[in-house]
Amino acid sequence: MTPRDPGLQPERTALAGRRTALSAVVAAVLALRGALAHRSVAEAAAGVLLLVVAALSVTTRAGIRVRQLAMAACAAAAGLLIAAQYAPRV
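Numbering (my numbering), first residue to last: 291 to 380.
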């Protein structure tokens, strides 16, 4: 039996993780900036969640469960940002 040739798949996976991390960091910075400007707890929570996603995305051996957790955190952060956008300002 010949050894399996992984080809470029591991490199593509690593690059996808880096792109996800970069976009999560940018979104986190914007959310945290909005949290400071609006004094919004929801935006601060979304920023922290997105920083967690960035950290999970750059782990080199992230399994499917870690990626699922990162996607769930992205969805939760998006929900928090939408809620913060439409919440009445006091």
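Heads up, the beta-carbon is just placed ideally off N, CA and C, and yes, glycines get one too. Nothing here was measured: the structure is a model prediction, and the numbers come from that model.
Got a sec? Which residues, its chain only, sit under 8 angstroms from residue i by beta carbon, not counting five neighbours each side?
i, result
"A368", "A336"
Residue i to residue j, Cα distance in whole Å?
i, j, result
"V316", "G297", "31 angstroms"
"R355", "L339", "17 angstroms"
"L320", "P300", "31 angstroms"
"A362", "L322", "19 angstroms"
"R329", "L341", "19 angstroms"
Does DSSP put residue i in a helix, in a strand, or in coil?
i, result
"G297", "coil"
"A335", "helix"
"A329", "A small correction: the amino acid at residue 329 is Arg; Ala does not occupy that position in the sequence shown. Looking at R329 - three-state DSSP - the assignment turns out to be coil, as it is neither helix nor strand."
"V348", "coil"
"A377", "coil"
Give me the residue from the options with the minimum Cα distance to residue i.
i, options, result
"P378", "L339, A360, A332", "A332"
"Q375", "A311, Q299, A334, E301", "A334"
Given residue i, which residues of its chain have a CB within under 7 angstroms of its CB, disregarding the five upstream and five downstream residues?
i, result
"S347", "G307, T310, A311, A314, A360"
"A366", "L339"
Is any non-hydrogen atom of the ligand HEM found closer than 8 angstroms to the C-beta of residue i, if you look at the structure I gave you?
i, result
"V338", "In the structure on display, the ligand HEM does not appear, and there are no ligands present to speak of."
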